[in-house]
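K.L.:
Provided herewith is a single structure, encoded as structure tokens, for subsequent inquiry.
In my numbering, the protein residues as written are 835 to 1488.
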């Protein structure tokens, strides 16, 4: 989730709040692929390239799941697919009443005919068929999609996040006829504080995740809003012509926030104008987490079937349980966090969450795109010394380089958005953030002879760090703050930067620690959750294990939990590690029972030349079938067969 990424009023906001001290450095959260308003690449109409995959399926039909963490005897079959063979294009997946729905990331961005929610007929699980695209607003992407039977019919909502200057918020459709969706409403989402809205332009924030729920005769949407305060927002959508926000909650309202800053007790967050005691304190708390990624902003939410409890994956605030029996007044129940035992690398990064049917077991996913500790130094000149940095998510991993270090003299090459503007050189290109994608900048630097890059933030976003995302590139690289970039160039401000000028010599190394895995919680007492165990794959626990592809992404992503009789199973999308199924019936002893994983050349050839990269998961209730969204390949349908396991994953009791 990106914090305070505004379409309007950004310059006024940044200048005003920098003066007030409000703009604390933002944390590294998701890899950020978008420097400006340009798509990474554009693609023509989708084509049917599935024949190699069909042949591969037939050849491997008797092969059981063979993930590196288990001796698995339960088979997980890939039985069907809806191909969208565009790299980094597909986001989340949901299904309802014989149809599946997948979202679109940055390429293409909204406005392209292929951007939006792809609708698939999955009545035949072996042969999903493409139906239509529900278009996303121009300039926005659709990270999340949810569909449910509500009082007012079958309702679909999808999130809007700017990818080229488009709106935030969410869209509402009636999909009783999924092949002819009916638009109902477009909802803008703002910060909850009226002063920030009216005087500083804190309006029209992106939405990252959504949840639909009902209470009695009322229909609601819960939204993860990328605002400064009140990230968890509840909207009454019963009347689509008059959708209203009715409730909200943010980490700044938590007991720990109040204990840290007593002035936050009893604050009217909508109407407060108290900058010094309230707004500054709330911002300080929300940006003071753990590890390298320190924000406490909400990422995802799951709400119980009766619509009365909300589980919030609240990044470095941890896992928060709210009572929302009164949607106008969400009330804190508990926070599950264990910094000492809950992670292999000191991060919290609460990203996804799903409870068992009775609520006694909760599975939480941690997301971390920095499997190594990034160490960066300026080696020469008056500013020599260590500086904060973040290794890119799309760059060549530094720990795979000879000597495991990127070092050399620097040359400032500007924004590097136009290859002709980049002077030829060697060593390390010093690049300023802005205008075009990270991938384009780095590719242009490579074309002019550079062997590595340092990208520094622009002046408005200051010393915030991001893990550069987008289309993978061929050079190593790190991201540093704006002041660090000026120090490397040896100048006082941006006006002194000269393209082609030599800068200081720098060094960057990366010490492997871990990606991220699952935390399994015992919620027998929901007011006092206990961390029961961790679950990691071999590759998420150890980035340099010989079995792991150095170019792979081994962070866990999403999870869904289902109770089947006396069994509790977790279905997990795990990027490069594939799709996993865990038995978490005993939360203190999670067992991997199945995995889909295929990095064969035959699969990659039939997947548009790209490996699988699983983002989303949706499990059909009381069915052996579930769905995965492959960022590079589109919709995938899996069938869980058989029973039993003679091994388990790399788990650890705290």
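Glycine residues also receive a C-beta, built at the ideal position from the N, C-alpha and C atoms. Note that the structure is a prediction, hence the values are computed from the model and not measured.
So within the stretch 1188-1232, which uninterrupted beta strand (DSSP E) runs reach at least 3 residues, ignoring any that extend past its ends?
P.N.:
1195-1200, 1206-1212 and 1219-1221
K.L.:
Should the stretch 980-987 be called in touch with the stretch 919-939, which here means at least 3 C-beta pairs below 8 angstroms?
P.N.:
yes
K.L.:
Using 10 angstroms around the beta-carbon of residue 1400, count the other beta-carbons present and answer buried if the total reaches 16, otherwise exposed.
P.N.:
exposed
K.L.:
Below 7 angstroms CB to CB, which residues in the same chain sit around residue 1155 once its five sequence neighbours on both sides are set aside?
P.N.:
The answer, listed in chain order, is 1143, 1145, 1167, 1168 and 1360.
K.L.:
What three-state label does DSSP hand residue 1111 in the structure shown?
P.N.:
The answer is helix: DSSP assigns residue 1111 an H, G or I state.
K.L.:
With a floor of 4 residues, list each alpha helix (DSSP H) that falls wholly inside the stretch 1403-1464, ordered by position along the chain.
P.N.:
Counting only runs of 4 or more, we get 1435-1440.
K.L.:
Spatial neighbours of residue 956 within its chain, please: CB distance less than 7 angstroms, with the 5 preceding and 5 following residues excluded, ordered by chain position.
P.N.:
929, 932, 933, 934, 962 and 1471
K.L.:
Tell me, please, which residues DSSP counts as bridged to residue 1137.
P.N.:
1144
K.L.:
Starting from residue 1093 and walking both ways along the alpha helix (DSSP H), at which residues does that stretch end?
P.N.:
1089-1094
K.L.:
Pull up the DSSP beta-bridge partners for residue 1006, would you.
P.N.:
991 and 1019
K.L.:
Go to residue 1318, then tell me how far its beta strand (DSSP E) extends in each direction, as first and last residue.
P.N.:
Here residue 1318 belongs to no beta strand (DSSP E); instead the alpha helix (DSSP H) covers 1316-1323.
K.L.:
Please report the distance separating the alpha-carbon of residue 1304 from that of residue 1226.
P.N.:
If you take the alpha carbons of residue 1304 and residue 1226, they lie about 10 angstroms apart.
K.L.:
Would you list the residues sitting across from residue 1401 in a DSSP beta bridge?
P.N.:
1398, per the DSSP bridge assignment.
K.L.:
Reducing DSSP to helix, strand and coil, say where residue 1106 ends up.
P.N.:
Three-state result, residue 1106: coil.
K.L.:
In terms of residue numbering, what span does the alpha helix (DSSP H) encompassing residue 1372 cover?
P.N.:
Secondary structure note for residue 1372: its alpha helix (DSSP H) is the uninterrupted segment 1372-1375.
K.L.:
For residue 1391 and residue 1352, what's the separation of their Cα atoms in angstroms?
P.N.:
9 angstroms
K.L.:
Based on the DSSP output, what are the partners of residue 1124 in its beta bridges?
P.N.:
Answer is none; residue 1124 lacks a bridge partner.
K.L.:
Roughly how many whole angstroms lie between the Cα atoms of residue 885 and residue 1463?
P.N.:
Confidence at residue 885 is low in this model, with a pLDDT of 41, below 50, so the placement of that residue is unreliable and no value is reported for it.
K.L.:
Looking at residue 1164 and residue 1103, is the spacing between their C-beta atoms short of 8 angstroms?
P.N.:
no
K.L.:
According to the Cβ coordinates, are residue 1059 and residue 1067 closer than 8 angstroms?
P.N.:
Yes; because the gap between Cβ atoms is below 8 angstroms, this pair is in contact.
K.L.:
What did DSSP end up calling residue 1328 once you bin it into helix, strand or coil?
P.N.:
helix
K.L.:
Is residue 1082 helix, strand or coil when you go by DSSP?
P.N.:
strand
K.L.:
Mark residue 1469 as exposed unless 16 or more other C-beta atoms lie within 10 angstroms of its C-beta, in which case mark it buried.
P.N.:
buried
K.L.:
From which residue to which residue does the alpha helix (DSSP H) around residue 1475 run?
P.N.:
Going by DSSP, residue 1475 is part of no alpha helix (DSSP H) but of the beta strand (DSSP E) stretching over 1468-1475.
K.L.:
Three-state secondary structure (DSSP) at residue 1350?
P.N.:
strand
K.L.:
How many Å lie between residue 1371 and residue 1457 at the Cα?
P.N.:
26 angstroms
K.L.:
Keeping to the same chain, check which residues put their C-beta closer than 6 angstroms to that of residue 1253; ignore five residues upstream and five downstream.
P.N.:
Cβ neighbours of residue 1253 beyond the five flanking positions: 1278 and 1281.
K.L.:
Count the other CB atoms, across all protein chains shown, that sit within 10 Å of the CB of residue 1453; report buried if there are 16 or more and exposed otherwise.
P.N.:
buried
K.L.:
Do the CB positions of residue 1044 and residue 991 come within less than 8 angstroms of each other?
P.N.:
yes
K.L.:
Find the nearest neighbour of residue 1313 within the set 1263, 1116, 912 and 988, judged by alpha-carbon distance.
P.N.:
1263
K.L.:
Buried or exposed: residue 1291, going by 16 or more other Cβ atoms within 10 Å of its Cβ?
P.N.:
buried
K.L.:
How many angstroms separate the CA atom of residue 1030 from the CA atom of residue 1112?
P.N.:
Rounded to the nearest whole angstrom, the CA to CA distance from residue 1030 to residue 1112 is 12 angstroms.
K.L.:
Considering only C-alpha positions, which residue in the set 1429, 1428, 1444 and 1427 is nearest to residue 1435?
P.N.:
1444
K.L.:
DSSP puts residue 1011 in a beta bridge; with which residues?
P.N.:
DSSP, once it has assigned bridges, lists no residue as partnering residue 1011.
K.L.:
Kindly give me the distance between the Cβ atoms of residue 791 and residue 1085, rounded to whole angstroms, as I take these residues to be in contact under 8 angstroms.
P.N.:
Lying before the first or after the last residue shown, residue 791 is absent from the chain, which here runs from 835 to 1488.
K.L.:
Starting from residue 1031, trace the beta strand (DSSP E) both ways and give me its first and last residue.
P.N.:
Where residue 1031 is concerned, there is no enclosing beta strand (DSSP E), although the alpha helix (DSSP H) it sits in stretches over 1028-1034.
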